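Protein chains in written order, with numbering that gives the first Met the number 0: chain E, 0 to 233; chain C, 0 to 409. Here the structure comes first, spelled out in structure tokens, and everything after it is commentary.
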Amino acid sequence: MIEIKDLHKSYQMGSNSLHVLKGIDFKVEAGELVAIMGSSGSGKSTLLNILGMLDVADSGEYVLDGLPIKNLNETKAANYRNKFLGFIFQSFNLINYKTALENVALPLYYQGVGRKQREEKSLKYLEQVGLKEWSHHLPSELSGGQKQRVAVARAMVAEPKVLLADELTGALDSKTSYEVMDLIQKINDQGNTILVVTHEDDIAHMCKRIVHLKDGVIVEDKKIEQVRASQYVQ
Amino acid sequence: MFSRDTWREIFITLRKNKLRTFLSGFTVALGILIFITLFGMGNGLVNTFNEFFGDDATNVIYIFPGRTSLPYKGYKSNRNIEFDNSDLTDIEETFPMFVEHISPRIFRTATTTYKEESNDYTTIGVDWGQQFAEKTIIMQGRYINQRDVDEKTRNAVIGRLVEVDLFNGRNAIGKYIDIGGSVFKVVGVFQDDGGDNEERQIYIPYTTRQLIEKNTDKIGQIVVQFKPELGYTGAMAFEKNLRLFFKDKKFISPDDQNGFFIRNVADNLKQNQDFAGVLQMIVSVVAFGTIIAGIIGISNIMVYVVKERTKEIGIRKAIGATPKRVIGSILLESVFITTVSGFIGMLIGIGVLKWIGDRLKDDYFITSPYISTGVAIFATVILIFFGALAGYIPARRAARIKPIVALRNE
Numbered sequence: 000m001i002e003i004k005d006l007h008k009s010y011q012m013g014s015n016s017l018h019v020l021k022g023i024d025f026k027v028e029a030g031e032l033v034a035i036m037g038s039s040g041s042g043k044s045t046l047l048n049i050l051g052m053l054d055v056a057d058s059g060e061y062v063l064d065g066l067p068i069k070n071l072n073e074t075k076a077a078n079y080r081n082k083f084l085g086f087i088f089q090s091f092n093l094i095n096y097k098t099a100l101e102n103v104a105l106p107l108y109y110q111g112v113g114r115k116q117r118e119e120k121s122l123k124y125l126e127q128v129g130l131k132e133w134s135h136h137l138p139s140e141l142s143g144g145q146k147q148r149v150a151v152a153r154a155m156v157a158e159p160k161v162l163l164a165d166e167l168t169g170a171l172d173s174k175t176s177y178e179v180m181d182l183i184q185k186i187n188d189q190g191n192t193i194l195v196v197t198h199e200d201d202i203a204h205m206c207k208r209i210v211h212l213k214d215g216v217i218v219e220d221k222k223i224e225q226v227r228a229s230q231y232v233q
Numbered sequence: 000m001f002s003r004d005t006w007r008e009i010f011i012t013l014r015k016n017k018l019r020t021f022l023s024g025f026t027v028a029l030g031i032l033i034f035i036t037l038f039g040m041g042n043g044l045v046n047t048f049n050e051f052f053g054d055d056a057t058n059v060i061y062i063f064p065g066r067t068s069l070p071y072k073g074y075k076s077n078r079n080i081e082f083d084n085s086d087l088t089d090i091e092e093t094f095p096m097f098v099e100h101i102s103p104r105i106f107r108t109a110t111t112t113y114k115e116e117s118n119d120y121t122t123i124g125v126d127w128g129q130q131f132a133e134k135t136i137i138m139q140g141r142y143i144n145q146r147d148v149d150e151k152t153r154n155a156v157i158g159r160l161v162e163v164d165l166f167n168g169r170n171a172i173g174k175y176i177d178i179g180g181s182v183f184k185v186v187g188v189f190q191d192d193g194g195d196n197e198e199r200q201i202y203i204p205y206t207t208r209q210l211i212e213k214n215t216d217k218i219g220q221i222v223v224q225f226k227p228e229l230g231y232t233g234a235m236a237f238e239k240n241l242r243l244f245f246k247d248k249k250f251i252s253p254d255d256q257n258g259f260f261i262r263n264v265a266d267n268l269k270q271n272q273d274f275a276g277v278l279q280m281i282v283s284v285v286a287f288g289t290i291i292a293g294i295i296g297i298s299n300i301m302v303y304v305v306k307e308r309t310k311e312i313g314i315r316k317a318i319g320a321t322p323k324r325v326i327g328s329i330l331l332e333s334v335f336i337t338t339v340s341g342f343i344g345m346l347i348g349i350g351v352l353k354w355i356g357d358r359l360k361d362d363y364f365i366t367s368p369y370i371s372t373g374v375a376i377f378a379t380v381i382l383i384f385f386g387a388l389a390g391y392i393p394a395r396r397a398a399r400i401k402p403i404v405a406l407r408n409e
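In structure tokens, the structure reads:
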């Protein structure tokens, strides 16, 4: 599903440049649930941003589901993001003056899907994350866990090829974290490919594979026995 | 870009951000409102001006006698200059090309009595030409005519307020009044836009006045009506020639400014029109200043709005909004607000001007203020255009920010 080869990225910090990614080779098959781990500054978020086309690599190859991602301009990147990727952020990033339903429907709006269909589909995904009856509430009326579930529904609604989650439990307490991870696992069970950036061990172990980044290179890449989050959720 | 969905999205955004919508709309509406009100009042001021100075005919030169200040050709200075009947005929013969009509004016204050009512009024000895110079409007009866002048009749034309004062509003035509000891028959009642003072005057034939004063041939002032086709330049040339003529005839030094005085209405009119023009210009500058202030106001708001929405823009971009759509929606929002509130402000402004009407005429010299639709719409469109531009620049910048940068902005 995802294939990257020799990915390099550096940032210009004043006069000296910071080499963040120093040649990453990495492959993700369809249906995988991968945790990308590393301490802060290891380059894990940069990698995710490049995978999410929110940032551009200096060199290297990136192929998403057979489609080489290169020479992106803003418009093309926006269209690819819209069609192929779903994002879940640490800080939820919901639009605060829109209801849960409107937030979920937004990617479809940018796809040009009609309003009726948008609402139907969004409602279906809200139901899947268990928030159907909260669909007309504003984000400010929802708890952190609920907000993140709305964000998950929004990431899912366009039926992307890959789901990218950046510290999705970073702002949640552990109980809520497990609830959200339970949801992520269930979505993965349906065959969706998901990448999770995290620095929390327990969250990483709820994935099926852990990739360790240190100083811009992959130091470890192993399949693991998945811990199901459902056992922590009553 | 202009689909129903786009509009729906914009309406939702506007409705959910009421304060923002209100503030930017208010700025625009206020800018236009003040512009239209100011500009319209400027026009009202000019209206008053024109009305004020449009009272008398404009093709008139008044000549007033004075007193010499320089000795000349054996005459001492400080000599009183007087006009007499010969001056009238001399002017007519010397300047046939310029002159349309010449009339004298002899001002005397006289106690006027009708039955028990009595009052002091200014009487003016005139001939028929005076009616046109002063734009006197006859309400009843007639004006002094040539026969009155030739036969030195004791006919009088009284002002509207004289009739009110002496006759308690009853019809004065045909009644006899006593003017300074002589009995006159009222043959006409006039009104004049020049104000109350001019309606408290009495016109009599100037020859009658001369007869009463021991058959003198002296006259007070000379009113020369020149041919309108002379225009401003011709009038100025005529005035110059008249000056030379009188200085020569009355033995006044060429350097003496005080022997007599000439008031050229054409010159006055031009000055007044220039003055009104400057007035109008100042008002316009102030009004356009308000428009510019409005533009700056809406620009500030747009910059702030875009800054406030940086994160939202980042979110939208992350989930697939192209830069074009981001710019498009911000732009459409700002154009929509400015258009709607701009036209609201415009309509209120026009309403205010309509409401003012002649209310401010007496105290503030503003007569029926108005703004031409063209100017009003032009100003509104300008504001809309710059509002859009003011939205476009920060929107474009915001659309260029990478989503990760925008999202980092907590």
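Using N, Cα and C, we set each Cβ at its ideal position, and we do this for glycine too. The structure displayed is predicted, hence computed values, not measured ones.
*Output the distance between the C-alpha atoms of LYS353/C and PHE38/C, rounded to the nearest integer angstrom.*
13 Å
_Residues of the segment 16-45 of chain E in Cβ contact with chain C at a cutoff of 8 Å, in chain order, please._
none
*Under 8 Å, do ILE136/C and ASP191/C count as touching if we go by C-beta distance?*
yes
*Between ALA397/C, PHE335/C, GLY344/C and ARG141/C, which lies nearest to THR411/C when the distance is taken from Cα to Cα?*
Because chain C spans 0 through 409 in this model, residue 411/C falls outside it and cannot be assessed.
*Taking all protein chains shown into account, decide if TRP133/E is buried (16 or more other Cβ within 10 angstroms of its Cβ) or exposed.*
buried
*asked:* By DSSP's criteria, SER102/C is part of a beta bridge. Which residues make up the other side?
replied: VAL222/C
*Enclosing alpha helix (DSSP H) for ASP89/C [first to last residue]*: 84-93
_For chain C, check one thing: does any of its Cβ atoms lie closer than 8 Å to the Cβ of ASP57/E?_
no
*Report yes or no: is there a C-beta of chain C within less than 8 Å of the C-beta of GLU219/E?*
no
_Closer than 8 Å is the cut-off here; do at least three beta carbon pairs connect the segment 133-142 of chain E with the segment 94-105 of chain E?_
yes
*asked:* I want to verify the contact list: residues of chain E whose CB lies under 8 Å from the CB of PRO402/C, in sequence order.
replied: LEU53
_Between which two residues does the beta strand (DSSP E) holding ILE217/E run?_
216-222
_Under 8 Å, CB to CB, which of the residues in the segment 296-324 of chain C have a partner in chain E?_
LYS310, GLU311, GLY313, ILE314, ARG315, LYS316, ALA317, ILE318, GLY319, ALA320, THR321, PRO322, LYS323 and ARG324
*asked:* Can you tell me whether ILE314/C is buried or exposed? The criterion is at least 16 other CB atoms within 10 Å of its CB, across all chains shown.
replied: buried
*Which of helix, strand or coil DSSP assigns to MET0/C*: Because MET0/C carries a pLDDT of 48, less than 50, the predicted location of this residue cannot be relied on, and no value is offered for it.
_Quick check: the Cα distance between LYS72/C and VAL45/C, rounded to an integer number of angstroms?_
48 Å
*Could you check where the beta strand (DSSP E) with ASP266/C kicks off and where it finishes?*
No beta strand (DSSP E) holds ASP266/C; the alpha helix (DSSP H) holding it covers 264-307.
*asked:* Tell me the residue span of the alpha helix (DSSP H) that contains GLY233/C.
replied: 230-248
_Cα-Cα separation, SER229/E to LEU46/E_ = 29 Å
*Between which two residues does the beta strand (DSSP E) carrying ALA34/E extend?*
32-36
*Contacts of GLU8/C in chain E (Cβ-Cβ under 8 Å)*: TYR108
*asked:* Which residue wins for smallest C-alpha separation from VAL285/C, given the options LEU165/C, ILE35/C, PHE237/C and PHE94/C?
replied: ILE35/C
*Determine the direct distance from the alpha carbon of PHE342/C to that of GLN270/C, and round the result to whole angstroms.*
38 Å
*Please classify PHE260/C: is it buried, with 16 or more other beta-carbons within 10 angstroms of its beta-carbon, or exposed?*
exposed
_Assumed close pair ALA164/E, LEU125/E - CB separation to whole angstroms, cut-off 8 Å_ = The Cβ separation is near 18 Å, so there is no contact.
*Starting from ASP177/C, follow the alpha helix (DSSP H) in both directions and report where the run begins and ends.*
From DSSP, ASP177/C is part of no alpha helix (DSSP H) but of the beta strand (DSSP E) over 175-178.
*Helix, strand or coil: how does DSSP classify ARG396/C here?*
helix
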